[in-house]
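Read through the structure below, which is laid out as C-alpha cells, and then see the notes.
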Amino acid sequence: MIKLSKRQDEILEIVKHNGPITGKQIAEKLSLSRAALRPDLAILTMSGNIDARPRVGYFYNEKFKVKRQAESILHQKVNNYKAHPIVVGKSASVYDAIVQLFLEDVGTLYAVDSDGYLAGVISRKDLLRASLGNQNLSELPVSVIMTRMPNIITINPEESLLEAARKMIQNHIDSLPVVREADKHENTYLLVGRITKTTITRAYLEMMDEKSD
Ligand code: ADP
9 MIKLSKRQDE
19 ILEIVKHNGP
29 ITGKQIAEKL
39 SLSRAALRPD
49 LAILTMSGNI
59 DARPRVGYFY
69 NEKFKVKRQA
79 ESILHQKVNN
89 YKAHPIVVGK
99 SASVYDAIVQ
109 LFLEDVGTLY
119 AVDSDGYLAG
129 VISRKDLLRA
139 SLGNQNLSEL
149 PVSVIMTRMP
159 NIITINPEES
169 LLEAARKMIQ
179 NHIDSLPVVR
189 EADKHENTYL
199 LVGRITKTTI
209 TRAYLEMMDE
219 KSD
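In this text, residue positions in the sequence shown follow my numbering: the first is 9, and each later residue adds one.
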C-alpha cells in the first residue's frame, strides 16, 4: 500500500469528516485551487482511500479503512507482541508437563535441553495422545512425545505478525516459538518468546479499540 503525503492525509481527514464533499469545497478548506488538488484527489481515488460519485462528491471508503487497519496490525513486529514462553526441561515427565500446562494456563509448552536451547514443542494433543493407555506418566519423559528439532517451525523477533499468522495457518499449529539463532551451524536456537493465535487476535482488538473514533 502506498504511503500518503501530508497533503493527501489532510484531504483524507477532510473527506472523512465532511464527506460527501465536492472538490471545490475541499479546495476552499485548504485554501488551494482545484487544479492544485487534482493530482492528490486522483491518487486518493485510485488507491481506494476515497470514492467519487458524480454530482455528489468525494466520500470516505470505510472498507478501505478496515484494510488499512488490518495491514498496520499485521506489519507489527513479533518482538512487540510476543509473550513469555512456558518451558520445561526435555527430561521432565509427561505428568509434570500436564500440571505445568494447567498451572500456566497455556496450550503449548516448549522443551529445552540442558544448555537452554529449544529442543521440542509439546501441545495439548501430544499430551492427550501420550495419556491414552499410558499408566505411568511420571516415568515418561516429554522428549519421547514432543515434536523435535529440526521439525519445529520458529519465528524471529524481527519478523512480522503477518508472517507469524501465515506460518501458523500453513502448518496447522497454534503457536510459534520466538527464537534467536544461537549457532548457525548447529541449528541451535535460544527461546525468547511465543506467539499464538491469541496473540494475533489480541493485536487486532487493541488496534481496533485504539482506532475507533
Ligand atoms: P494441538 O495438538 O493441541 O491441537 P497444535 O495444533 O499447535 O496443538 O499442534 C499440533 C501438532 O503440531 C502437535 O503434534 C505439536 O507438537 C506440533 N506443533 C505445534 N507447534 C509447532 C511448531 N511451532 N513447530 C512444529 N510443530 C509444532
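Just so it is clear, CB atoms sit at the ideal spot from N, CA and C, and this is done for glycine as well.
(message) Tell me whether His180, by its Cβ, gets closer than 8 Å to a heavy atom of the ligand ADP.
(response) His180: yes, Cβ under 8 Å from the ligand ADP.
(message) If you reduce the DSSP assignment to three classes, tell me which class Arg188 lands in.
(response) Look at Arg188 here: in three-state DSSP terms it is strand.
(message) Please give the ranges of any beta strand (DSSP E) in the stretch 106-166, keeping only runs that are unbroken, at least 3 residues long and fully inside the region.
(response) Listed in chain order, the complete beta strand (DSSP E) runs (minimum 3 residues) inside the stretch 106-166 are 116-120, 126-131.
(message) Rounded to the nearest angstrom, what separates Val129 and Arg202 at their Cα positions?
(response) As the crow flies, the alpha-carbon of Val129 is around 11 Å from that of Arg202.
(request) Run the proximity test for Ser183: is its beta-carbon closer than 8 Å to any non-hydrogen atom belonging to the ligand ADP? (result) It does: the Cβ of Ser183 is within 8 Å (strictly closer) of some heavy atom of the ligand ADP.
(message) Please list the terminal residues of the continuous alpha helix (DSSP H) segment that includes Leu198.
(response) First-last for Leu198: 196-204, but that is the beta strand (DSSP E), not the alpha helix (DSSP H).
(message) Buried or exposed, going by whether 16 or more other CB atoms sit within 10 Å of the CB of Thr206?
(response) With fewer than 16 Cβ atoms within 10 Å of its Cβ, Thr206 is classed as exposed.
(request) Under 8 Å by Cβ, that's how I've got Val86 and Ala172 pegged, so tell me the actual separation to the nearest angstrom. (result) With 8 Å as the limit, Val86 and Ala172 qualify as a contact, their Cβ atoms being about 6 Å apart.
(message) Using a 10 Å radius around the Cβ and a threshold of 16 neighbouring Cβ atoms, would you call Ala127 buried or exposed?
(response) The residue in question, Ala127, is buried, as its Cβ has 16 or more Cβ neighbours within 10 Å.
(message) Given this structure, state the Cα-to-Cα distance separating Gln143 from Asp104, to the nearest angstrom.
(response) Distance from the CA of Gln143 to the CA of Asp104, rounded to the nearest whole angstrom, comes to 14 Å.
(request) Would you kindly work out how many angstroms separate the C-alpha atoms of Val200 and Gly124, rounded to a whole number? (result) Going from the Cα of Val200 to the Cα of Gly124 covers about 11 Å.
(request) Since I believe Leu169 is in contact with Ile208 (beta carbons under 8 Å), could you give me their beta-carbon distance rounded to a whole number of angstroms? (result) At roughly 6 Å, the Cβ-Cβ gap stays under 8 Å, so Ile208 and Leu169 are in contact.
(message) Alpha carbons only, please: which of Asp113, Lys71, Arg15, Ser101 is nearest the one belonging to Arg46?
(response) Residue Arg15 is the option with its Cα nearest to Arg46.
(message) The beta strand (DSSP E) that contains Val6, what's its start and end?
(response) A query on residue 6 cannot be resolved here, the shown segment of the chain reaching from 9 to 221 and no further.
(request) Put Gly31 into one of helix, strand or coil per three-state DSSP. (result) Gly31 falls in the helix class under three-state DSSP.
(message) In whole angstroms, give me the CA-to-CA distance for Asp59 and Gln33.
(response) The alpha-carbon separation between Asp59 and Gln33 amounts to approximately 16 Å.
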